[in-house]
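Residue numbers (our numbering): 11 to 169. Ideal placement from N, C-alpha and C gives every residue a C-beta, glycine not left out. Comments concern the structure below.
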């Protein structure tokens, strides 16, 4: 019988110890007694607050997270209205195309001016050649006039 009383005392001690452990777990709100919703009696809840700030300004069109949802770095939290940025992009592209057209126009004007310069240089060369021919003809007529081989009218025309 002594052995039976020892088993009863051991079992009773085990039950009391287990009840004590369960009471500590319940008092400290440890698993399996932990609640998923934080509550408080003094209106203070301890939590982590993270400040977020956008890299660009704009109107938020869509929120991709819910309250109390865990997020990681790189998660898309919000979508910003892209119309103002698209408008600025379109304006920049239009300005770029305008500048490209102005550049092409300037290049064409430069080529036209270079062609005009070459044409004028050719005209100058032609005029110099005509001057040399006229001077040579004038010298020839001057040499022939005293001999009576040419007329005074030809000599006047040569000068």
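Residue i - DSSP class collapsed to helix/strand/coil
{"i": "residue 182", "result": "No answer is possible for residue 182: the residues shown for the chain start at 11 and end at 169."}
{"i": "residue 62", "result": "coil"}
{"i": "residue 82", "result": "coil"}
{"i": "residue 109", "result": "helix"}
{"i": "residue 149", "result": "helix"}
{"i": "residue 143", "result": "helix"}
{"i": "residue 75", "result": "coil"}
Distance, residue j Cα to residue i Cα
{"i": "residue 33", "j": "residue 89", "result": "48 Å"}
{"i": "residue 140", "j": "residue 100", "result": "59 Å"}
{"i": "residue 103", "j": "residue 97", "result": "10 Å"}
{"i": "residue 14", "j": "residue 31", "result": "26 Å"}
{"i": "residue 83", "j": "residue 114", "result": "47 Å"}
{"i": "residue 66", "j": "residue 60", "result": "18 Å"}
{"i": "residue 151", "j": "residue 129", "result": "33 Å"}
{"i": "residue 27", "j": "residue 20", "result": "10 Å"}
{"i": "residue 135", "j": "residue 106", "result": "43 Å"}
{"i": "residue 143", "j": "residue 111", "result": "48 Å"}
{"i": "residue 43", "j": "residue 36", "result": "6 Å"}
{"i": "residue 137", "j": "residue 116", "result": "31 Å"}
Cβ-Cβ distance between residue i and residue j below 8 Å
{"i": "residue 81", "j": "residue 73", "result": "no"}
Supposed contact pair residue j and residue i - C-beta distance, whole angstroms, cut 8 Å
{"i": "residue 87", "j": "residue 62", "result": "7 Å"}
Nearest neighbour of residue i, chosen from the options [CA to CA]
{"i": "residue 94", "options": "119, 70, 131 and 105", "result": "70"}
{"i": "residue 64", "options": "38, 91, 18 and 150", "result": "91"}
{"i": "residue 58", "options": "42, 116, 148 and 78", "result": "78"}
Any non-hydrogen atom of the ligand ATP within 7 Å of residue i CB
{"i": "residue 78", "result": "Absence of the ligand ATP from the depicted structure is noted, as is the absence of any ligand whatsoever, leaving it without description."}
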